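Protein chains in written order, with our numbering: chain A, 928 to 1057; chain B, 928 to 1057; chain C, 928 to 1057; chain D, 928 to 1057.
There are 4 protein chains.
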Amino acid sequence: MICQIDTNNGIPIYEQISRQVKFAIANGSLLVGEHVPSVREMATSAAVNVNTVARAYRDLQAQGVLVSIRGTGLAVASDAPEKCRRERLEMIRERLRYIMREAIQNGVTSEEIHSLVRSEWDALTGEPPP
Amino acid sequence: MICQIDTNNGIPIYEQISRQVKFAIANGSLLVGEHVPSVREMATSAAVNVNTVARAYRDLQAQGVLVSIRGTGLAVASDAPEKCRRERLEMIRERLRYIMREAIQNGVTSEEIHSLVRSEWDALTGEPPP
Amino acid sequence: MICQIDTNNGIPIYEQISRQVKFAIANGSLLVGEHVPSVREMATSAAVNVNTVARAYRDLQAQGVLVSIRGTGLAVASDAPEKCRRERLEMIRERLRYIMREAIQNGVTSEEIHSLVRSEWDALTGEPPP
Amino acid sequence: MICQIDTNNGIPIYEQISRQVKFAIANGSLLVGEHVPSVREMATSAAVNVNTVARAYRDLQAQGVLVSIRGTGLAVASDAPEKCRRERLEMIRERLRYIMREAIQNGVTSEEIHSLVRSEWDALTGEPPP
DNA sequence: GTGGTCTAGACCACG
DNA sequence: GTGGTCTAGACCACC
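Pasting the structure below:
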């Protein structure tokens, strides 16, 4: 489990980490009971500060996604996969909502939005536009 | 020209102001050469501090959207409408890109994204979902 | 006597006006006893605010360059030409001093300064560089 | 890196700071990747308000001279030295241009200008005039 | 510890 | 009346 961090997109690093952990659990890349990388390990592999990873893990524990196993580290909670799968689209939906609210307030049409979504999707996946 | 400020959405107030001014210019609500509300006026109408408005206006000057007419206030620059129209979709596109990159990295399908966009649009515009 | 105003160079308009009047007197374009344009006339010809011209004229009176002739306006004082000729290079020297002080503090060489002066002069006069 | 502030020369403090930082980078006194003094540190060493320093640093970020490293401070951008060196003479040239334009419009000769420059240089550097 | 935001209020230059 | 500068101090997010 290696996190891709973008230090320039305005999203707090600890949040990028916790989101990626949740996505990995939803994916099945991290299984129930499996240990997440130690704080130090994750910090070096993602080239971020130790405290930042600790903060992300603390949040994930508070959400019941990770549980602490005495002496050995943090592991994926038994109900985490279900929780993360449920949350998966919600996390994305929440961000979409902010963007679209602004777009709508400023006269962007449904056409324009869908076209933007389509073209960005294609650009990112390398799919040729139809 | 009255700005709607949301003090709880995490976006700095000065940025909300400058974005709304740009949108107004893109819309044609503010025409070339027209004065924007004075900092004091805008500050009271938006219920924020004078300096906060001044900061937004300063940013807009730095971007060439507003020009200062000494002693009389700030006016819309002659090339601002074009600039703002170009930027309008770009601002949205940029934010969409981050979301979609995350979605793609985590196995969300094209179907799911488009469906999310459609349902959010309908929810926000009050259109009845099919 | 028509003033060329540059509203974007940071120098106050009233100061541009008073300097240009002084230069005109030093030149002989304005003679002793001759009336300067009325405040309103100058304001329209230079496309600036009436108060701004009034401020410039007030400064010039305070310096003894202009004198008020009851009921008819402002005229060039009898000792103004001498005063203005004396001041002519001083006004320029004063501004040069600020620039050069900064340049020197930051390691610009005598060579570089003279070369800049020469090239700017040539560019402005259209003289071909040697 | 300590800034010399002159509160009486009409140049805004934040601009004096940002100019001196740029000069320091052009000089090589500040190297790529190196941190500039924290806003609090610079504020105390220059005896100005924290916000004033913050404003200067904000401008420098907007110009791409400094980059923010989250939680750790501001560092010199990788292309800043080149940018600052290019700008160094340009800042001086721009100011010279205004002066010389006025001088030319008012019949100052090339001789007179060069002589002024020479005498000012000598006065400022303490060199004995020939 | 770092920078960033916001408020409040004073003062100035300009028109 | 306008914007611009500066100060002072509070609070927050991040590392």
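Just so you know, even glycine gets a beta-carbon here, dropped at the ideal spot from N, CA and C.
Predicted model only: the values in this text are computed from it and were never measured.
Neighbour-count burial assignment, V977(A), 16 or more Cβ in a 10 Å radius: As a working note, residue 977(A) is residue 50 in the first sequence. Exposed, by the Cβ-count rule.
Interface flag, N954(D) vs chain C, CB-CB below 8 Å: Here residue 954(D) corresponds to residue number 27 of the fourth sequence, with the count starting at 1. Interface residue, yes.
Endpoints, the alpha helix (DSSP H) within which A1002(B) is located: In the second sequence, counting from the first residue as 1, residue 1002(B) sits at position 75. Here A1002(B) belongs to no alpha helix (DSSP H); instead the beta strand (DSSP E) covers 1000-1003.
DSSP beta-bridge partners of S1037(C): In the third sequence, counting from the first residue as 1, residue 1037(C) sits at position 110. For S1037(C), which the question treats as bridged, DSSP gives no partner whatsoever.
Distance CB(V994(B))-CB(I952(B)) smaller than 8 Å: Position 67 of the second sequence, counted from the first residue, corresponds to residue 994(B). Position 25 of the second sequence, counted from the first residue, corresponds to residue 952(B). In terms of Cβ geometry, V994(B) and I952(B) do not form a close pair [threshold 8 Å].
Contact set between the segment 1017-1029 of chain B and chain C, restricted to residues whose Cβ is under 9 Å from the partner: If the cut-off is 9 Å between Cβ atoms, the segment 1017-1029 of chain B has nothing near chain C.
Under 7 Å from the C-beta of E1039(A): neighbouring residues of chain B: Start at 1 with the first residue of the first sequence, and residue 1039(A) comes out as number 112. Those are L1016, listed as they occur along chain B.
Of the listed residues R1012(C), L957(C), E1029(C), nearest to L1001(C) (C-alpha basis): Locating residue 1001(C) in the third sequence gives position 74, counting from the first residue. The residue with the shortest Cα to Cα distance from L1001(C) is L957(C).
Range of the contiguous beta strand (DSSP E) that encloses S995(C): Residue mapping note: residue 995(C) aligns to position 68 of the third sequence, counting from 1. Run containing S995(C): 993-996, per the beta strand (DSSP E) assignment.
Exposed unless 16 or more other CB atoms sit within 10 angstroms - verdict on S1005(C): As a working note, residue 1005(C) is residue 78 in the third sequence. The residue is exposed, with fewer than 16 neighbouring Cβ atoms inside 10 Å.
Extent of the continuous alpha helix (DSSP H) run through V933(B): The sequence position of residue 933(B) within the second sequence is 6, counting from 1. Correcting the residue identity first, residue 933(B) is Asp in this sequence and not Val. Note, D933(B): premise wrong, no alpha helix (DSSP H); not H, not E.
N- and C-terminal bounds of the alpha helix (DSSP H) containing L1016(B): Locating residue 1016(B) in the second sequence gives position 89, where the first residue counts as 1. Counted as a single uninterrupted DSSP element, the alpha helix (DSSP H) harbouring L1016(B) occupies residues 1007-1032.
A983(A), enclosing alpha helix (DSSP H) - first and last residue: By 1-based counting over the first sequence, the position of residue 983(A) is 56. Per DSSP, the continuous alpha helix (DSSP H) segment holding A983(A) begins and ends at 977-989.
7 Å Cβ cut-off: residues of chain B touching V948(A): Taking the first sequence and counting its residues from 1, one reaches residue 948(A) at position 21. Under the 7 Å cutoff, chain B gives no residues; its nearest Cβ is about 11 Å from V948(A).
Other residues of its chain near V975(A): CB distance less than 7 Å, five sequence neighbours each side excluded: Your numbering for residue 975(A) matches position 48 in the first sequence. So the qualifying residues of the chain are I932, I940.
The segment 1020-1027 of chain A in contact with the segment 1036-1048 of chain B per 3-pair CB rule at 8 Å: Judged by pairs of C-beta atoms under 8 Å, the segment 1020-1027 of chain A touches the segment 1036-1048 of chain B, as three or more such pairs exist.
Neighbourhood of R967(A) by C-beta distance below 7 Å, restricted to the same chain and skipping five residues each side: Stepping through the first sequence from its first residue, residue 967(A) is reached at position 40. Excluding residues within five positions, the ones whose Cβ falls inside 7 Å are V977.
Cβ of L1051(B) within 8 Å of any chain A Cβ: Mapped onto the second sequence, residue 1051(B) falls at position 124. Yes - at least one Cβ of chain A is within 8 Å of the one on L1051(B).
Rounded separation between G991(A) and A1007(A) - CA only: Sequence index remark: in the first sequence, residue 991(A) carries index 64 (1-based). Sequence index remark: in the first sequence, residue 1007(A) carries index 80 (1-based). As the crow flies, the alpha-carbon of G991(A) is around 7 Å from that of A1007(A).
Among I938(A), M969(A), L1051(A), nearest to V948(A) - alpha-carbon criterion: Within the first sequence, numbered from 1, the residue matching residue 948(A) stands at position 21. For the set I938(A), M969(A), L1051(A), the Cα lying nearest the Cα of V948(A) is the one of M969(A).
Span separating the alpha-carbon of S945(D) from that of A983(D): Position 18 of the fourth sequence, counting from 1, holds the residue named residue 945(D). Position 56 of the fourth sequence, counting from 1, holds the residue named residue 983(D). Computed Cα separation, rounded: 5 Å.
Residue-chain proximity (L1043(A), chain B), Cβ-Cβ < 8 Å: Position 116 of the first sequence, counting from 1, holds the residue named residue 1043(A). Chain B contact via Cβ: present.
Option nearest E1014(C) by Cα separation, candidates G998(D), N1033(D), N936(D): Reading the third sequence from its first residue, position 87 is the one you call residue 1014(C). By alpha-carbon distance to E1014(C), the top candidate from G998(D), N1033(D), N936(D) is N1033(D).
Straight-line Cα distance separating V959(A) from G998(A): Taking the first residue of the first sequence as 1, we reach residue 998(A) at position 71. Taking the first residue of the first sequence as 1, we reach residue 959(A) at position 32. A direct Cα-Cα distance of roughly 18 Å separates G998(A) from V959(A).
Beta-carbon proximity check, S972(B) vs I938(B), cutoff 8 Å: Looking up residue 972(B) in the second sequence gives position 45. Looking up residue 938(B) in the second sequence gives position 11. In this structure, I938(B) does not lie closer than 8 Å to S972(B) by Cβ.
Chain C residues whose Cβ lies nearer than 8 Å to that of G998(D): Translated into the one-based positions of the fourth sequence, residue 998(D) becomes position 71. Within chain C, no residue comes near G998(D); the closest Cβ sits about 32 Å away, beyond 8 Å.
Given G1053(D) as reference, the closest of E1017(C), K1010(C), C1011(C), S1037(C) once Cα atoms are compared: One-based indexing of the fourth sequence puts residue 1053(D) at position 126. Nearest to G1053(D) by alpha-carbon distance, out of E1017(C), K1010(C), C1011(C), S1037(C), is S1037(C).
Beta carbon proximity, T934(A) to chain D, threshold 8 Å: The sequence position of residue 934(A) within the first sequence is 7, counting from 1. Chain D, which has a Cβ nearer than 8 Å to the Cβ of T934(A), makes this yes.
Option nearest E942(D) by Cα separation, candidates I1040(C), E942(C), E1029(C): Here residue 942(D) corresponds to residue number 15 of the fourth sequence, with the count starting at 1. For E942(D), the closest of I1040(C), E942(C), E1029(C) by C-alpha to C-alpha distance is E1029(C).
8 Å Cβ cut-off: residues of chain A touching V1035(B): Numbered from 1 along the second sequence, position 108 holds the residue referred to as residue 1035(B). Correct list: R1015, L1016, I1019.
Under 8 Å by beta carbon: chain A residues contacting E1047(B): Here residue 1047(B) refers to the residue found at position 120 of the second sequence. Under the 8 Å cutoff, chain A gives R1020, L1023, R1024, M1027.
Span of the alpha helix (DSSP H) around I940(D): Counting from one through the fourth sequence, the residue named residue 940(D) turns up at place 13. Going by DSSP, I940(D) is part of the alpha helix (DSSP H) stretching over 940-954.
Residue range of the alpha helix (DSSP H) that includes A973(D): Residue 973(D) sits at position 46 when you count from the first residue of the fourth sequence. Counting along the chain, the alpha helix (DSSP H) containing A973(D) begins and ends at 966-973.
Rounded distance between the beta-carbons of R985(A) and L1043(B), thought under 8 Å: To locate residue 1043(B), count along the second sequence from 1; it is residue 116. To locate residue 985(A), count along the first sequence from 1; it is residue 58. The Cβ separation is near 29 Å, so there is no contact.
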